[in-house]
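A quick write-up on the structure given underneath.
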Amino acid sequence: MRCSILNLAFIASAAATKAHRAVYDNSTLQVETRSLDELHQAALAEGGVVTLWHGGDEATQQNFLKNAFETRFPGMTLNVTVDLSKYHDSNLDQQIADENVYVDSIILQTLHDYPRWKEQGVLLNYAPAGFEAIHGDFKDDDAAYMGLFIIAWGLTSNPNKTTVATPTEYTDFLDPAFKDKLVLTYPNDDDAVLFQFDLIVKQYGQEWFDGLLAQNPRWVRGTATPRTLLNAANSSYVATFTSSKSPAAQPGTAFPTEGEFVAWPQTGAILKDAPHPEGAKLLHNFILSTEHQSVRGWSVREDLPAPVGFSKIWEQEGTNVTAFGEWMSDRANVERMRFWFENLIGSAQGLSPLKDNL
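Here the sequence shown stands for residues -19 to -1, 1 to 339, where the numbers follow mature numbering (1 follows the signal peptide of the UniProt record, and there is no 0).
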């Protein structure tokens, strides 16, 4: 029998964080004081293994993290499984219900789940080194969960396949030159994409969405798939706004300034019953370290500079980095929006993006 679902509102949690961001319950909070090298030795003594479930839509999406971690810490093995966050969360719920937790660390997009898991008492209250530097709106007061890095959607085109200027606003995608050449992720298959469409329709009205449908876009599963098709030589698709983008300057990419782009702190936690807690602590300390945060674009840390040409993400024009978490907490509204779009474009078709060979 499954554990009961406690529908705790993330927006209330965020509000509490703003009011009490400097107050921590040290009676239950483990505050890390060891160096990465000391943590490395403790993790090796434990067995040298970490099991991570990471949200994503391509099996190889976190290979860079695995390679960076295992290179930095010889003898360690990071077993990372990438799957859609909405599937990882239900599978974790089953582990919890079965009292058979075999995952050490989770890093997921389903921000509304973390307050519930904290309330159930299944997360480890653990503050890695640098926890105090994490922006206050991105972390739980008791360090049960925290934002580990930033993800953002951007506007992308392939300038090698089109002479049309790179779109800089969502209205640009209605240019007749893009007819039959857009590839977009189903909004009813990914909540972060759904939030993007919700924001756009609220700003530009259903007329904008009707115009987008008139462009005859190809709908796909997964947010990496559009970029794959844009880069494929045998594909006629040239533009999308449902894939992630870093703040680094890249040809054919932009962030809107009139419209609003989605950004959020991808949030992580260590399971209280993790089989390899020292390994999980090493992983979280590494991800939050300045050496790793400095190569990830926008940082969750307040003590690191913004990327060149940008503001820190919580000050960045064109996005509200806490809005996605607040929106995710209202599951009734999320479901209304999901079915509103699904009624217009149909249910998501195709294999899982991890199995479709795209």
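Ideal Cβ placement from N, Cα and C applies to all residues, glycine included.
* **Closest by C-alpha distance to ASN266, when choosing among GLY28, TRP34 and ARG53** => Here the question's residue 266 lines up with position 285 in the sequence shown. With distances taken between Cα atoms, ASN266 lies closest to ARG53.
* Residues sharing a beta bridge with MET127, DSSP -> Locating residue 127 in the sequence shown gives position 146, where the first residue counts as 1. According to DSSP, MET127 bridges with LYS120 and GLY249.
* Helix, strand or coil: which one does DSSP assign to GLN11? -> For the purposes of this step, residue 11 is identified with residue 30 of the sequence shown, where counting begins at 1. Of the three classes helix, strand and coil, the one that applies to GLN11 here is strand, per DSSP.
* Asked: When DSSP labels each residue in this structure, what does SER280 get in the three-state scheme?
  -> Here residue 280 corresponds to residue number 299 of the sequence shown, with the count starting at 1. Coil, per DSSP.
* How about THR32 and ASN60: do their beta carbons lie closer than 8 Å? -> Position 51 of the sequence shown holds residue 32. Position 79 of the sequence shown holds residue 60. Result yes, Cβ atoms of THR32 and ASN60 sit closer than 8 Å.
* Asked: Does the distance from the C-beta atom of GLY128 to that of THR248 stay below 8 Å?
  -> Taking the first residue of the sequence shown as position 1, residue 128 is located at position 147. Taking the first residue of the sequence shown as position 1, residue 248 is located at position 267. Result yes, Cβ atoms of GLY128 and THR248 sit closer than 8 Å.
* Asked: Taking the C-alpha atoms as reference points, what is the distance between ARG2 and ASP122?
  -> For the purposes of this step, residue 2 is identified with residue 21 of the sequence shown, where counting begins at 1. For the purposes of this step, residue 122 is identified with residue 141 of the sequence shown, where counting begins at 1. Reliability fails at ARG2, whose pLDDT of 35 lies under 50, so the model's placement of it is uncertain and no value is given.
* **Limits of the beta strand (DSSP E) - the one that ARG199 falls within** => For the purposes of this step, residue 199 is taken as residue 218 along the sequence shown, with counting starting at 1. Segment 199 to 201, the beta strand (DSSP E) holding ARG199.
* Asked: By how many angstroms is the C-alpha of GLY290 removed from the C-alpha of TRP279?
  -> Position 298 of the sequence shown holds residue 279. Position 309 of the sequence shown holds residue 290. In a straight line, the C-alpha of TRP279 is about 11 Å away from that of GLY290.
* From the DSSP output, in three-state form, read off TRP295 for me. => Residue mapping note: residue 295 aligns to position 314 of the sequence shown, counting from 1. Reduced to three states, the DSSP call for TRP295 is coil.
* **Proximity of PHE305 and ALA173 at Cβ, strictly below 8 Å** => Taking the sequence shown and counting its residues from 1, the one referred to as residue 305 is at position 324. Taking the sequence shown and counting its residues from 1, the one referred to as residue 173 is at position 192. Yes.
* **Classification of SER71 by the beta-carbon crowding that lies within 10 angstroms, buried from 16 upward** => Here residue 71 is taken as the residue at index 90 of the sequence shown, counted from 1. Counting Cβ neighbours within 10 Å, SER71 comes out exposed, since fewer than 16 surround it.
* Where does LEU335 sit, in a helix, a strand or coil, going by DSSP? -> Here residue 335 is taken as the residue at index 354 of the sequence shown, counted from 1. Note: LEU335 maps to coil in three-state DSSP.
* For the region 210 to 220 and the region 134 to 153, state whether three or more C-beta atom pairs, one from each stretch, are separated by less than 8 Å. => yes
* To do: Give the DSSP-derived three-state secondary structure of TYR107 in the structure shown.
  => As a working note, residue 107 is residue 126 in the sequence shown. Strand, per DSSP.
* To do: May I ask you to verify whether the region 242 to 256 touches the region 80 to 93, counting CB pairs closer than 8 Å and requiring at least 3?
  => yes
* From what residue to what residue does the beta strand (DSSP E) around ALA24 run? -> The residue labelled residue 24 in the question sits at position 43 within the sequence shown. No beta strand (DSSP E) contains ALA24, which is instead part of the alpha helix (DSSP H) from 17 to 27.
* To do: Specify the secondary structure class of THR137 as computed by DSSP and reduced to three states.
  => Residue 137 sits at position 156 when you count from the first residue of the sequence shown. Three-state DSSP puts THR137 in a strand.
* N- and C-terminal bounds of the beta strand (DSSP E) containing HIS35 -> On the sequence shown, residue 35 is found 54 positions in, with the first residue counted as 1. First-last of the beta strand (DSSP E) with HIS35: 30 to 36.
* Asked: Run through DSSP, which three-state label would VAL289 get?
  -> Taking the first residue of the sequence shown as 1, we reach residue 289 at position 308. Coil at VAL289, not helix or strand.
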